[in-house]
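Student: Take this structure, written in C-alpha cells, and hold onto it; I'll ask about it next.
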Amino acid sequence: MLNICNTHVSFSLKNVTLRCLFLLAIASIFVHSSCVKDRFNDIELGYQGTVALPVATVGFTLAEVLEDDTLLTVGSDNAISLVYRQDNFFTISAAELLEELTDDLVENFSQTTKLGPVTLGDMTEQFDMPFSDLVEDFSDQDIRQTLEQNQGSMIPVPPFTENFTSELPVPEFEDFTYLEFESATMVLSIKNGLFVDLQNFIITVVDTDSGLSLGTFNFSTLPMGTTQSEEIILDGKSIGNNLKVVVTSLETNGTNGNPVLIDLGKKLIYTLDVKDITIKAGEAVLDPGILAQDSLEFDFSMENSEQIHRIVVNDVNMAYSISSEVKTAVRLKLTFPNIYKNNNPVVHTITMTPGAPIAGTIDLSNTTWRLDQHPDQSFNRMRVDYEVELENTTSSPVQFSSEDEVSIDFTISGVDLAEATGYLGFREETFDDGDLDLGFDFNLFDSGSSPLLFENPKMRIEVANSFGIPLKVNFNATAQGAFGGQASLDPPALTINYPGINEIGTTKMTEFLISKDNSKIVDLLSVYPASITYGGYATINPDNDPQIVNFIRANSELTASAEVDLPFSFRVEDLIYRDTGEAVAIGLEEGLTIDDIELAELKILYTNGMPLKTTLRILALAADGTESVILDDIAIDPAEVDASGKVTTSGKASGELFASMTSDQIRKLDEAVQNIYEVRFQTGNDGQAPAAMFTDYDVELKIGMTIKFDK
C-alpha cells in the first residue's frame, strides 16, 4: 500500500495583510502546505502509469479581499484607492504663540523723583505793643517827658518825628521750626489804637537767630482807629521761629492844638501773616495732600520687532521696590491708566514709613493692557502715574526737603498672555516632528524589488485657522525605506488664509493639493517607506509688514489634517513577494522510493483578471539555511485592458501551465525544512505602463499535480 502526501499550493489574497495592497494592488500570494493521506490500492511493481492528484481551486475578487480594510476606498467606477488621514498633521495653539511672544520677557523700569517744594497752609500770629513801650525808646526827651508827665491829662499833642529802634518779640509760630521758602508772602497788619494819627511808620521784621532782615514795612499813613496792611515777598528766604518786629521810624502831625486824653496804655495791635507758602526745606507741620506726583513711561523691548497694541494677561509677576526719604509716613498711589481690571484702571496703594525700602508685588492677573494710548507711539508703551500723598496732618513738625527722593523700581516677568493684538513680528514657529504611519508592512517583499512608482498619488492638506496672522508653512516629509532607501517629499510652501481684524471669531479654511506636479511624492512612496517622518516651521508675517494688525485670541488655533490618496494606478518593473510554507513530506510506502518517480508535473489552469504579469519561483530551504531553486519563471499572463485602462470580461487571460519536476527536484522538496514561494510582479510594457485596480478584478486558479512512476 502506498501513502502519498499531496502538497497543495494555493494563491489567495485573503491571507495577506490587506494594506500591502498598497504595493500589490492584486492578490498577494500565500503559499499554504497541507498533507492529505490518499490510499492507492493494487499498485504493483510492474505498474506503469500516471497518478493525477487535485491540489486546490482558488477564486476571488478584489472586493471580497478588501471588504474588511477601512483604509481602502472604492470610487463610483469601482476603482480602488488607499486613503490615509491624519487629523493632527500639525497644529499651533494660542498658548504656543503667546508663550513664544513673551518667552524670556523680563523688563526693569526705574525712576527717582524728587518731592520738590511743598505747599503749607497760611500761618498767623497776633501780638500788641502799648504806646508806653515806644515812648520809652524816644530819643526826643522833651516829647517823652511831655507824654509821660501828662499821662491821664487832656493836652494838645505837638507834631514830632522819632527815629529809633524799638523791638517787639513775635510769638513763636506753632506750625514750623524753620523754613526755607521757595515762595511766600508776609503780610503785616497794624491797627492804630493810639490817640494820634501816625505817618511814615516804618517797621522791619528780623530773624533773631540769623540777625537777617526779612523785609521792611512802610505805613505812610495810619490814622487812629484804622487798620493798615503792607506785605513783603519772602521768595528764596529762610526764617526760623524766633522773629522780632523792629520799629525804626514814627511820625505824627499831632492834634493840631486840640487837647486829647493822654493814655500811654493805648496799643498798636499787630497781625503777622505768612501765606501762599511753598517751601524747599524746613521743619514744619505738614498738611494732608499730594507731596509729589510724576509719571513713569516705558517701552517693552520686543525681540522680533513686535508692535503690541493690546494684550489680555492671565498672570504676570509685577514686582516693585520703593524707597522714600520722606521723614514721615506717606502713601504711594500707583495708577495704571491703561491697564484695566473689570473695566476700571488698576490702582494700587502702598503705605511707606521712613526707613528701609519696601518690596512687594502687584496683582495684575486677568487684566487688559492698552499699549497704544501714547500720542507719539501707538505700541509697546505703558505708563504708571504715581502720587506721594500725606494722608493726615503730622502731629508735630517734620523735617522736609524738596530734594527728598522717592525711588521706584519695577520688574515685569513671567507674562502669561491670553490674547494679543498688534503686529506680532517676523519670526518662525517650529512644529513638533511627527510620523505618518500608513500601516504598511514591507517585510513581505524582497530587498531586490524595483521601486514602486505610483502614477498619480496625492496628498491633501486642510488647514483651519482662527489666528489673525499671515502665515506661511514650510514642511517636509522624509521616508526611510524598508530596504535602506530614503526619499523626501519636498512640497511647496503653504500660504495660510487668515481672518482679518474685522473678522475676529471666524475661522478661515485653506486647502492644498500636493501631487507629482509640485512635489516628489512619487519618489517618497517608491522606496517602500517603512516610516515617514515630517517636521517644519511656520513663518509669522512672512512679508514683515508692521501695518498689518494681527490678533491672537485665547481660543485661536491652527489645525491641519493630511489625507494621503493613493489611487491604485502604479507601475513597477520587478516587485518580489516572498512567503514560506510547510515542507512537502512525501511518505512513500515500502517498495517505492523517490527514484521510482519518473516525472512529476504541476498543472495550473488559470483565469486571470489582473493586468499584472506574474511569475512564480519555488525554492527549497535546507536545514543549513541554503536555498535551492526548484521551479523558476512559471509565468501567468496578465489580463488585457481596454482603451479606458480597465480589464473587461473579454480581456481576461486564461489558459493552462505545466511545470515539470524531476526526481531530484522532488527529493529537494522532500528534504527541505520549509518551502519558499517567490512571486514577481510587473506592470505592462516591462514595468513602464501603469496599471489601475478595480474591485471586480478576479483570479481563478485550478492547481493539480501528476506523478508518473517508472514501475
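Residues in the sequence shown are numbered consecutively from 15, following our numbering.
C-beta: ideal position from N, C-alpha, C; glycine also.
1. Please classify Ile515: is it buried, with 16 or more other beta-carbons within 10 angstroms of its beta-carbon, or exposed?
2. Skipping 5 residues on each side, what residues in its chain have a beta carbon closer than 7 Å to that of Lys534?
3. CA-CA distance, Asn555 and Asn470?
4. Going by C-alpha to C-alpha distance, which of Ala198, Leu305, Thr607, Leu115 sits closest to Ser315?
5. Ser135 to Ile216, Cα distance in whole Å?
6. Taking only the alpha-carbon atoms, compute the straight-line gap between Asn511 and Phe424 and give it to the nearest angstrom.
7. Label Glu320 either buried or exposed according to how many other C-beta atoms from any shown protein chain fall within 10 Å of its C-beta, with 16 as the threshold for buried.
8. Taking a contact to mean a Cβ-Cβ separation below 7 Å, would you say Tyr192 touches Glu297 in this structure?
9. Taking Cβ to Cβ, would you say Asn564 is nearer than 7 Å to Ile483?
10. If you measure between the beta carbons of Ala478 and Ile546, is that distance less than 7 Å?
11. Keeping to the same chain, check which residues put their C-beta closer than 6 Å to that of Leu35; ignore five residues upstream and five downstream.
12. Where in the region 101-137 do unbroken runs of the alpha helix (DSSP H), each at least 4 residues long, occur, reported from the N-terminal end onward?
13. Who are the near neighbours of Ile169 in its chain, counting only those whose CB is closer than 8 Å to its CB and skipping five residues on each side?
14. In angstroms, rounded to a whole number, what distance separates the CA positions of Thr12 and Asp399?
15. State the beta-bridge partners of Phe414 as determined by DSSP.
16. Would DSSP call Lys289 helix, strand or coil?
17. Out of Leu645, Tyr711, Ile680, state which residue places its alpha-carbon closest to the alpha-carbon of Thr621.
18. Classify Ser379: buried if its beta carbon has 16 or more other beta carbons within 10 angstroms, exposed otherwise.
19. Rounded to the nearest angstrom, how far is the Cβ of Leu626 from that of Ala705, given a contact under 8 Å?
20. My assumption, with CB atoms under 8 Å, is that Phe195 sits in contact with Lys280. Please give the rounded CB distance.
21. Under 7 Å between the Cβ atoms of Val487 and Leu466?
22. Can you check which of these residues, Thr199, Thr218, Asn206, Phe141, is closest to Glu245 by C-alpha distance?
23. Give the range of the beta strand (DSSP E) segment to which Arg567 is assigned.
24. Mark Pro237 as exposed unless 16 or more other C-beta atoms lie within 10 angstroms of its C-beta, in which case mark it buried.
25. Is Lys258 near Val201, with beta carbons less than 7 Å apart?
26. Check whether the Cβ atoms of Val299 and Pro411 sit closer than 7 Å, and answer yes or no.
27. Grab me the residues of Ala637's own chain with a C-beta within less than 7 Å of its C-beta, minus the 5 sequence neighbours each way, in chain order.
28. What is the rounded straight-line gap between the Cα of Val120 and the Cα of Ile426?
29. For Ile336, list the residues DSSP reports as bridge partners.
30. Return the CA-CA distance between Glu419 and Val132, expressed in angstroms with no decimal places.
31. Exposed or buried, Glu150, counting other C-beta atoms within 10 Å across all chains shown (16 or more means buried)?
32. Give me the Cβ distance between Glu670 and Ile608, rounded to the nearest whole Å; I'm assuming they're in contact under 8 Å.
33. Compute the distance between the beta-carbons of Tyr551 and Glu641, then report whether it is under 7 Å.
34. If you measure between the beta carbons of Leu633 and Ile680, is that distance less than 7 Å?
35. In three-state DSSP terms, what is Asp83?
36. Spell out a yes or no on whether the region 364-373 and the region 341-352 are touching, meaning 3 or more CB-CB pairs, one atom from each, closer than 8 Å.
Tutor: A quick look at the data gives this:
1. It is exposed - the Cβ of Ile515 has fewer than 16 other Cβ atoms within 10 Å.
2. So the list reads Ala501, Ser502, Leu503, Asp504, once near-sequence residues are dropped.
3. Those two C-alpha atoms are separated by around 34 Å.
4. The residue with the shortest Cα to Cα distance from Ser315 is Leu115.
5. Note that residue 135 corresponds to Gly in the displayed sequence, not to Ser. Going from the Cα of Gly135 to the Cα of Ile216 covers about 28 Å.
6. Asn511 and Phe424: Cα-Cα distance of roughly 40 Å.
7. Flag for Glu320 reads buried.
8. It is a contact, given that the beta carbons lie within the stated cut-off.
9. Taking 7 Å as the Cβ cut-off, Asn564 and Ile483 qualify as a contacting pair.
10. Their beta carbons are not under 7 Å apart, which means Ala478 does not touch Ile546 by this criterion.
11. At Leu35, the pLDDT of 41 sits below 50, so the modelled position is not reliable; the number obtained from the coordinates is stated separately. Annotation for Leu35: no residue places its beta carbon closer than 6 Å to its own, counting only its chain and skipping 5 residues before and after.
12. With a minimum length of 4 residues, the continuous alpha helix (DSSP H) runs that stay inside the region 101-137 are 108-116.
13. The residues are Thr160, Pro273, Val274, Ile276.
14. A query on residue 12 cannot be resolved here, the shown segment of the chain reaching from 15 to 725 and no further.
15. Per DSSP, Gly296.
16. The answer is strand: DSSP assigns Lys289 an E or B state.
17. Ranking Leu645, Tyr711, Ile680 by CA distance to the CA of Thr621 puts Tyr711 first.
18. It counts as exposed.
19. Sure, about 6 Å apart at Cβ, within 8 Å.
20. About 35 Å; that fails the 8 Å criterion.
21. No, they are not a contact pair.
22. Among Thr199, Thr218, Asn206, Phe141, the Cα nearest to that of Glu245 is on Thr199.
23. No beta strand (DSSP E) holds Arg567; DSSP gives it neither H nor E.
24. Residue burial is scored here from C-beta neighbours: Pro237 has fewer than 16 other C-beta atoms within 10 angstroms and is therefore classed as exposed.
25. Not closer than 7 Å, so no.
26. Between Val299 and Pro411, the C-beta gap is smaller than 7 Å, which places the two residues in contact.
27. Contacts found: Val687.
28. Val120 and Ile426: Cα-Cα distance of roughly 6 Å.
29. DSSP lists Ile372, Ile422 as partners of Ile336.
30. Spanning the two alpha carbons is a distance of roughly 13 Å.
31. An exposed status is given to Glu150, since fewer than 16 other beta-carbon atoms sit within 10 Å of its beta-carbon.
32. Not a contact, Cβ separation roughly 26 Å.
33. With a cutoff of 7 Å on beta-carbon distance, Tyr551 and Glu641 are scored as not near each other.
34. Contact flag unset, no.
35. Here the model assigns Asp83 a pLDDT of 45, short of 50, so the residue's position is not dependable, and the following value carries that caveat. Assigned with DSSP and collapsed to three states, Asp83 falls in coil, not helix or strand.
36. As far as the Cβ criterion goes, the region 364-373 touches the region 341-352, which means the pair count is three or higher.
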